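A.B. asks:
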Amino acid sequence: MQDIGLSFRIDEFYIRPLHRRRKFGRYAVEKVKEYCKSLHRHKIIIANVYVNNEPALKFWDSIGFKDTGRRERVKDLRLVEMEAEL
Ligand SMILES: CC(C)(COP(=O)(O)OP(=O)(O)OC[C@H]1O[C@@H](n2cnc3c(N)ncnc32)[C@H](O)[C@@H]1OP(=O)(O)O)[C@@H](O)C(=O)NCCC(=O)NCCS
369 MQDIGLSFRI
379 DEFYIRPLHR
389 RRKFGRYAVE
399 KVKEYCKSLH
409 RHKIIIANVY
419 VNNEPALKFW
429 DSIGFKDTGR
439 RERVKDLRLV
449 EMEAEL
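Sequence positions in the sequence shown follow our numbering and run 369 to 454.
#1: How long is the line joining the alpha carbons of arginine 438 and isoleucine 378, rounded to whole angstroms?
#2: With a threshold of 7 angstroms on Cβ separation, who are the neighbours of tyrosine 433 within its own chain once the five nearest residues in sequence on each side are excluded?
#3: Buried or exposed for lysine 426, going by 16 or more other Cβ atoms inside 10 Å?
#4: Near glycine 393, which residues of its chain fall below 7 angstroms by C-beta distance, leaving aside the five closest residues on each side in sequence?
#5: Among Val400, Val417 and Arg441, whose alpha-carbon lies nearest the alpha-carbon of aspartate 435?
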């Protein structure tokens, strides 16, 4: 997680394959959100997801992150910006 000025951002979020679909990801994001909220610095947290990473898009969606419509290009791929309120 880093403070990027107007919001916080989660980068390089990864759960080991063996432990996936056991709610560890959801739990970890909840903890990061709680921590960010406790800092009282921003009201928004974002995560950037590669447009072709369907499982991750579903994951962020399932834990309440919404597509902001903003896109960033990294080489040949686009990143979908997802955000949630703290
Ligand atoms: C995306 C990732 C972090 C999810 O972590 P996780 O611990 O498996 O996720 P959770 O168990 O907390 O899942 C919560 C919900 O998200 C959704 N979800 C998670 N993985 C999913 C998948 N592969 N396909 C569809 N929905 C998925 C489901 O709704 C799930 O609830 P359910 O299992 O009751 O259906 C993990 O798959 C991962 O590390 N992927 C590789 C790295 C990556 O893509 N990181 C994200 C970069 S933006």
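Positions of the beta carbon are idealized from the N, C-alpha and C atoms, including for glycine.
Because the structure is a prediction, the values reported are computed rather than measured.
C.D. replies: The short version:
#1: Translated into the one-based positions of the sequence shown, residue 438 becomes position 70. Translated into the one-based positions of the sequence shown, residue 378 becomes position 10. C-alpha separation (whole angstroms): 16 angstroms.
#2: Your numbering for residue 433 matches position 65 in the sequence shown. The identity of residue 433 in the sequence shown is phenylalanine, whereas the question assumes tyrosine. Here the set comprises Ala415, Met450, Glu451 and Ala452.
#3: What you label residue 426 is simply residue 58 of the sequence shown in a count that begins at 1. Classification of lysine 426: exposed, given that the 10 Å Cβ count is below 16.
#4: For this step, residue 393 is matched to residue 25 along the sequence shown. Result list for glycine 393: Ile383 and Phe427, in chain order.
#5: Indexing the sequence shown from 1 puts residue 435 at position 67. The shortest C-alpha separation from aspartate 435 is found at Val417.
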